[in-house]
Each structure stands twice: as structure tokens, then as C-alpha cells.
Amino acid sequence: MQIFRYSCAVFLFVFLTGCGTTPLGLPSINNGELRERQPGNFVWHDLISDDVSGSIRFYSQLFGWEFTEFSPLSERYWTISHRGRLIGGMVAQSSLPTTNDVSQWVSLLSVDDAEAARQRVLEAGGEVLRQPITLGERGTIAVFADPQGGIFATVTSPNGDPKLTNHEGDFFWHELWTASADEAAGFYSSLSDRVSVEGVKFASEQPDVVDYQLLVRAGFALAGIRSRPAQDLPTLWMPFLRVSSEQRLAEILERVPQLGGEVLVPAIARPAAGFLAVIAGPSGAPVALQTWSK
Numbered sequence: 116m117q118i119f120r121y122s123c124a125v126f127l128f129v130f131l132t133g134c135g136t137t138p139l140g141l142p143s144i145n146n147g148e149l150r151e152r153q154p155g156n157f158v159w160h161d162l163i164s165d166d167v168s169g170s171i172r173f174y175s176q177l178f179g180w181e182f183t184e185f186s187p188l189s190e191r192y193w194t195i196s197h198r199g200r201l202i203g204g205m206v207a208q209s210s211l212p213t214t215n216d217v218s219q220w221v222s223l224l225s226v227d228d229a230e231a232a233r234q235r236v237l238e239a240g241g242e243v244l245r246q247p248i249t250l251g252e253r254g255t256i257a258v259f260a261d262p263q264g265g266i267f268a269t270v271t272s273p274n275g276d277p278k279l280t281n282h283e284g285d286f287f288w289h290e291l292w293t294a295s296a297d298e299a300a301g302f303y304s305s306l307s308d309r310v311s312v313e314g315v316k317f318a319s320e321q322p323d324v325v326d327y328q329l330l331v332r333a334g335f336a337l338a339g340i341r342s343r344p345a346q347d348l349p350t351l352w353m354p355f356l357r358v359s360s361e362q363r364l365a366e367i368l369e370r371v372p373q374l375g376g377e378v379l380v381p382a383i384a385r386p387a388a389g390f391l392a393v394i395a396g397p398s399g400a401p402v403a404l405q406t407w408s409k
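With our numbering applied, the sequence shown has no gaps in its numbers, which climb one by one up to 409 at the end.
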């Protein structure tokens, strides 16, 4: 099994814009509440799955997620809730204009101004894969590639962004695995005047082994950027789900194959703290698990 596929997130947004001249509408990312935006944070996650029923069973039983079919896009799009809060959506791969297997998680970055973000991406040497487009209550979405080929999407929600929580099974961290962490950090920090970069050195690692950078806003770490774990990996954004303890991680990893998934990377100690594993659901889309105490 190929552990990490090349990201084809643009297919998702071709699907969402529909085949006609009128874009398809999508629900709000924050249950319709009026909240402030959190620029620089990843605030939404869409799963492209070639096994919808298997994915629903897998994540429902593993983390207690709830999937709700979105009526206007029946049998094509589902919203995902955790503890009563929307955390993402799921798209049936069969609805996408491709015959390739592009099952993956697509993480969306919050921005205040979609057009301004597009201009900054171009000025910083990135590429626009999908021009900003408004999709009903979801807001304005666009797809870009950074200079090293890492694909990311942005969202500008009219009602602001959902409240970030830290329960087990929540998305709580994102890392860019790339060829040059320094270059990537410069690119992403240039997209917002409020985001800066902080380098991190871990006592248990040699400085030339892992180049780790933090994207920071007002003293709050937004995401990490690191040299990729293996040279044959493409540049990609990896989403992380929180697990409460090492024991719980072991229990979850034991259940993954029982529910039709696969453990891609067994639990390993992280230099910063905790333990990391990488799993894939029945569709093959990878996601990292990280132990982290509140």
C-alpha cells in the first residue's frame, strides 16, 4: 500500500463548484454561530473517501464521530460532528472527476480575505490551483500550492470560525512535511502580517536531522513545519488527532485493523512530547495520532 498519496485536493473543489454555472452551497462550518475568524488556524477538514460506509463505521466506532448526509448533495457529501461540534465533512470519491484513487484528508486554513490571500500566494512564489469561489454558508474557498508543491486550501467563513477544542478525537495540530522547512516557513509566514516563525531545537535530536519551525500568532502556535521524514515523500500537510494517553493510543491502534483500517506508522516517541502514530481508515487516507495531555 502506498502510505502517502500525492495530494489532489483540487478535485474536491471541482466537485463542490458543480458542473453548471451556479456553485453548490454548503453548510456553515460553525453551526451558524457568529464568531471571530482565526486567521492562520486550520479550522475545517474534508475527507475524500472511496469507501464511504467503511469510513463512517471506522471513525464512528474509533472516536465517536457522527456523520450527517447533507441533503442538497445526498449520497455525495456528509458533515462530521464530534461532541456536538462540527469538525469536518466527507466527500464520496465517486463524485469526483477522476478515475485515480485520491482518498485523503484536506485541511482548510482560515483567512480574512480570500483575494488578498491569493495575491500573497502569487507574490511569494506559490500557485493558484482553484480561484476563490463562494459556496453558500461555507464561505469563500480557494486551493493553492506552495513553492515546494505542498497543496493547501483556504476558507473565509461569513460567520467566523468554529471554536477550537481539545478533546480526544479532535483535530488539534497540523504539520507540513517538506524538503526545506526554512523556505516553507518563510512562504507561509508571508501570507499574514500577524503570523511569525519560531525555530525549535529538540535536545534528543541532532540539529541537522530535523529542521522544525513553528508558525505563531500572538504567542500561540498554529502549526509546525518540518523536514520530511523520508526523502521519497511528497510535500504534504498532515492533520493530527489528539489521543489522551499512551495507553489509549495502544488501545486505538489495536482496534484500527479490526475496523478495516491500517496502522501505517506504529507508535513512536516524539522529541517534543508524547507519542505519534499514523493510521489510515478504509479509504487509505492517512492521519496522525498524537498523545497530548490537556
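All residues carry an ideal CB built from backbone N, CA and C; glycine is no exception.
So is Asn281 buried or exposed if we call it buried at 16+ other beta carbons inside 10 Å?
exposed
Would Arg152 and Val226 be called neighbours here (beta carbons separated by less than 9 Å)?
yes
With DSSP collapsed to three states, give me the class of Cys134.
Any reading at Cys134 is ruled out, since the residue's pLDDT is 46, under 50, leaving its predicted position unreliable.
As an exercise, report each continuous beta strand (DSSP E) stretch of at least 3 residues that is fully enclosed by the segment 270-299, in chain order.
286-293
When you compare the segment 172-184 with the segment 234-246, are there three or more beta-carbon pairs, one atom per stretch, that lie closer than 8 Å?
no
If you draw a straight line from the C-alpha of Asp228 to the C-alpha of Gly396, how long is it?
34 Å
Check the DSSP bridge columns for Tyr192 and list the partner residues they point to.
Val206
With a CB to CB cut of under 6 Å and the five nearest residues on each side skipped, what residues in its chain are close to Thr249?
Thr255
For Ser342, which beta-bridge partners are listed by DSSP?
Thr293
Check Phe185 in the structure and name its three-state DSSP category.
coil
Should Ser175 and Ser398 be called a contact, given that it needs their Cβ atoms to be closer than 9 Å?
no
Taking a contact to mean a Cβ-Cβ separation below 9 Å, would you say Phe178 touches His197 in this structure?
Taking 9 Å as the cut-off, the beta carbon of Phe178 is found closer than this to the beta carbon of His197.
Give the secondary structure of Ala229 by DSSP, where H, G and I count as helix, E and B as strand, and everything else as coil.
helix
On the three-state DSSP scale, how would you describe Pro372?
helix
Hey, could you find the ends of the beta strand (DSSP E) Val393 is sitting in?
It spans 390-395 - the beta strand (DSSP E) in which Val393 sits, taken as one unbroken run.
Report the partner residues of Phe157 according to the DSSP bridge assignment.
Leu224
Tell me whether the beta-carbon of Ala299 lies closer than 9 Å to the beta-carbon of Gln263.
yes
Name the one or two DSSP bridge partners that Gln405 has.
Gln405 pairs with Arg357, Leu391.
Is it the case that the Cβ atoms of His289 and Met353 are separated by a distance below 9 Å?
yes
Please look up how many angstroms separate the CB atoms of Arg233 and Pro247, rounded, as I've assumed it's under 8 Å.
6 Å
DSSP three-state label for Ala260, please.
strand
Quick one, are the C-beta atoms of Pro273 and Arg200 less than 9 Å apart?
no
So, for Leu223: in the same chain, excluding its five sequence neighbours on each side, which residues have a beta-carbon less than 6 Å away from its beta-carbon?
Trp159, Ala268, Val270
Would you identify the three-state DSSP class for Tyr121, choosing helix, strand or coil?
With a pLDDT of only 44 at Tyr121, under the threshold of 50, the placement of this residue in the model should not be trusted, and no figure is reported.
Measure from the alpha carbon of Gln208 to the alpha carbon of each residue in Gln405, Trp407, Ala400, Pro142, then state which is nearest.
Ala400
Quick check: what's the CA-CA separation for Ala296 versus Ser342?
6 Å
Assign Val393 to buried or exposed, taking buried as 16 or more other Cβ atoms, counted over all protein chains shown, within 10 Å of its Cβ.
buried
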